[in-house]
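Novice: Have a look at this one.
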Ligand code: ADP
C-alpha cells in the first residue's frame, strides 16, 4: 500500500495563509505576499507563489475559505458566482446564509464528516442563493485546512448551471417518454434486432402479467409467446426483415397465469441518430374481445342462415319424415352431435311416434329404422321429463353415464351430453327433438336455445303438414260420402220413378175409364193423385239431375258466356213473350272455364226463378259480369218479389222453398243444384235482395 508522504504547501487566498489537510496528508500554504521563502516543503509552490496566487485569483472556479462558518476570504469568481461586485462585499458573510435549506443540510453533513476525520465525498452539488435573489447550482469540493492556526474549510465551487439544465431537460424528456409509453392503451415491447427485450410498458405488464424486470433481457422464444405461434413469430421476423415494418400481425400470447390472448402486432424498426437500424418497437393490441365478438357475430349469422334455410326448405314439404330430415340436416350445420332424433307426440294418447333417429357408427351417422308403431310416452324417461316440465333440458353426465335414456338399445355408445327440446304448436307439445354427444361437456345453454329456435320452426312445418294431411283425409272422406250419397240418390230416385210412373199411368187410365162413374169428390181426389204424381215425378227428376251433376266428370273447356246465355234465353221464348219479360245481357260477358251442360243448368235455373218470382207486370232481368283476378263474377239481377235476408242461406238448401206450391210452382231443388255446380267449378254463390224490389244472384267462375 502506498503511504502518502506528508507534504506541506502554502498559498495565499485573498491575503490569507492557508494550511490544508486532506486525511493524513497535510499541505501548508503560507501567506505568499513577501514571504514565499517560508513555504515548508513544496519547492514549486514556494518558487512561484505569486503565480499560484494569480492562478487562484483568476481561476474560472470559485474558491472560498470558511472559518467559524463565515467567509474568511474568497476569489473573484466566487464573488461573481454569488452576484457580488467584489470580494470585499462577500467577506464575513455567514456561509449557510448563502445556501438553500437543502444545500445547508448537505453542506453541514460534509463539514461534520470532515471534522470527524472521515473521507469526504469528492464532489457534491450545492444550490447557492445569489445576491440578486436567484440561485445557482455549483459542484463543490471541500477540504479542511488551518488558517492562522485555526480550523478552516476551503471550498472549490464550479458553476454547473448548464449541466443541471441539461440534466433537467433529459429527466423531463425521459419522464415524458415514460409517461407516454405507460399511458399507451396497447402493450409495447422494444427489442434489439435479434429480438432481445430492451423495455416494455405498463400495459404489457397488465396484459401478460409479466413484470418489466421479468421481461427485459428475454430472448425468442419469449415466455409469453404461444408454442403454436412460434412458427408465425419466425414468419413475423422474416417478413419484418423484408418489409421493414409489419401491420396487424395476429399471434397468440400466453399470460403468466397461462391464459391465452389474441394480440395483433404492429412492428416498426427504429433507427439510431446515425440512421442505422437499432431496435424494434412492437405494439401489441389485445384483440381477444374483438375476436370473440367476431366469432359470436359469425355464429349468429350462421344460426340465422340455418333458421332462414330451414324455414325456406320446410315450406316446400308437407311430409313429416321429410321435415324431420331437413331439420336434422340444418341442426348438423350448427350443433355437432352423435345422436339425433325427432319424435312426434300425441298429447291425448300420450304416445310418441318416432320419425327419425340417427346414431354415429364410427365416422358415419347412420339412420335407424324407427318402429312403425307408436311408443307409449312412459317408455322414454327423457321425453316424460320434457312433457312433464314442458321445458327443454340439458344433461351433462359425469364418467358414470347410465343407459337411462336408451331408446332402441342398439346405440353404439352412451351419450355423455344430451339436449332434449319440446316442439310446441301454440301450447301443445307436438314433438320432441334431441341431440346427444358421446363426448363430455359438449353442450351449453346456448346450444339448447339454438335447438329450441330450430325446433319451433320445424314445429310450425309439422303442424302445417298435420293440418294439411288431416284436411286431405277429411276431404277424401267427404268426397267418398258424397259419392255414396249421390249413388244412393240416383238409385233411389231411379227405382222410385218406375212405380211412380205406374201409379200415374194407372191413375190416368182410371180417370179415363171410370171418370163418369165417380162423383165430384171422387173426381177431385183422382185429380189430386195425378197432380201429386206429377209433382213427385218432377221432384225425382230434379234429384236425378242433381246426382247426375256430381256423377258427370267432364273436362272443363273455355266457354263464351255471351253465347251460352243467349242460347239459354232462347229456351224461354214463350215465357218471355207471355210474361212480357225483358232480359238484358251484356255482349261482353267473359269466357269462363267450365262444363257447358252444367253452366246451362245454372243460367236456366236463375233465369226461370227471376221470371217465376216476379210480381211486376214487366219482369226485368239484367245479366252482367266483371272479372277479378282469375275469377269472373256474374250477376243475375231481377225486379221480382225479393227475399228476406234471413232466408239468404236457406234457399240454397235442397227442397227448401219460401212459398206454397199453389203460389209458385217448383220443387226447391234448383238453387241447390246451382250452388253445387258453381262450387264444383271452384266458385261460390250468394244472393243480395230487398223484399219487394228484387234480388241479385252473384256467382264466380274461373276464367281461362
Ligand atoms: P224452386 O224454384 O223450385 O222453388 P229453388 O231452389 O230454385 O226452388 O228456389 C228456392 C226458393 O228460393 C224459392 O222457392 C223461392 O222462394 C226463392 N227464390 C229463388 N229465386 C228467387 C228469386 N229470383 N226471387 C225471389 N225468390 C227466389
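In the numbering used here, the protein residues as written are 64 to 767.
Just so it is clear, CB atoms sit at the ideal spot from N, CA and C, and this is done for glycine as well.
Here the structure is a predicted model, which means the values were calculated and not measured.
(1) Pick helix, strand or coil for residue 765, following the three-state DSSP scheme.
(2) For the region 352-361 against the region 248-263, are there 3 or more C-beta pairs whose distance is under 8 Å?
(3) Name the residue from 434, 396 and 492 whose alpha carbon lies nearest to the alpha carbon of residue 498.
(4) Taking 7 Å as the cut-off, is the C-beta of residue 701 nearer than that to any heavy atom in the ligand ADP?
(5) Can you look up residue 209 in the DSSP assignment and give me helix, strand or coil?
(6) Kindly indicate which residue of 741, 753, 751 and 749 has the alpha-carbon position closest to the one of residue 765.
(7) Would you mind stating whether residue 593 and residue 560 have Cβ atoms separated by less than 8 Å?
(8) Would you decide whether residue 219 is buried or exposed? Buried here means 16 or more other CB atoms lie within 10 Å of its CB.
(9) Counting Cβ pairs closer than 8 Å, one from the region 701-711 and one from the region 753-763, do we hit at least three?
(10) Residue 694: which of 717, 716 and 745 sits nearest, CA to CA?
(11) Closer than 7 Å: is that where the CB of residue 719 sits relative to any heavy atom of the ligand ADP?
(12) For residue 734, is the beta carbon positioned less than 7 Å from some heavy atom of the ligand ADP?
(13) Taking its Cβ as the centre, do 16 or more other Cβ atoms sit within 10 Å of residue 748, making it buried, or is it exposed?
(14) Counting only runs of 3+ residues fully inside the region 407-486, write out the beta strand (DSSP E) ranges in chain order.
(15) Taking only three categories from DSSP, how would you classify residue 735?
(16) Could you check whether residue 336 and residue 313 sit closer than 8 Å to each other, using their CB atoms as the reference points?
(17) Per DSSP, what kind of secondary structure is residue 333 in: helix, strand or coil?
(18) What is the rounded straight-line gap between the Cα of residue 485 and the Cα of residue 531?
(19) Quick one: give me the first and last residue of the beta strand (DSSP E) that residue 345 is part of.
(20) Should residue 591 be listed as close to the ligand ADP, given that the test is whether its C-beta is under 7 Å from any heavy atom?
(21) Quick check: does the Cβ of residue 730 come within less than 7 Å of any heavy atom belonging to the ligand ADP?
(22) For a quick check, are the C-beta atoms of residue 586 and residue 631 less than 8 Å apart?
(23) Quick check on the burial criterion: 16 or more other C-beta atoms within 10 angstroms. Buried or exposed for residue 752?
(24) Confirm the yes/no value for this check: CB of residue 761, any heavy atom of the ligand ADP, distance under 7 Å.
(25) Alpha carbon to alpha carbon, how far is residue 527 from residue 675? Give it in angstroms, no decimals.
(26) In three-state DSSP terms, what is residue 753?
(27) For a test of your reading of the model: does the CB of residue 598 fall under 7 Å from any non-hydrogen atom of the ligand GDP? Yes or no.
(28) Hey, is residue 746 close to the ligand ADP, as in C-beta under 7 Å from one of its heavy atoms?
(29) Mapping the DSSP letters down to three states, classify residue 89 as helix, strand or coil.
(30) Return the residue from the list 638, 426 and 597 that minimises the CA-CA distance to residue 562.
(31) Could you work out which residue in 725, 714 and 743 is closest to residue 733 when comparing CA atoms only?
(32) The ligand ADP and residue 673: does any heavy atom of the ligand fall closer than 7 Å to the residue's C-beta?
(33) Going by C-alpha to C-alpha distance, which of 288, 297, 659 and 241 sits closest to residue 257?
(34) Taking the C-alpha atoms as reference points, what is the distance between residue 602 and residue 533?
(35) In terms of alpha-carbon separation, which member of 736, 399 and 338 lies closest to residue 771?
(36) So, at 7 Å on beta carbons, what are the nonlocal neighbours of residue 341 in its own chain, with the 5 sequence-adjacent residues on each side left out?
Specialist: From the atom records:
(1) strand
(2) no
(3) 396
(4) yes
(5) strand
(6) 741
(7) no
(8) buried
(9) yes
(10) 745
(11) yes
(12) yes
(13) buried
(14) 414-424, 427-430 and 456-459
(15) helix
(16) no
(17) strand
(18) 22 Å
(19) 340-349
(20) no
(21) yes
(22) no
(23) buried
(24) no
(25) 48 Å
(26) strand
(27) In terms of ligand content, the structure shown lacks the ligand GDP and carries the ligand ADP instead.
(28) no
(29) Because the pLDDT at residue 89 is just 37, under 50, the model does not fix this residue reliably, and the point stays unresolved.
(30) 597
(31) 714
(32) yes
(33) 297
(34) 37 Å
(35) Absent from the structure is residue 771, since the part of the chain shown begins at 64 and ends at 767.
(36) 333, 334 and 335
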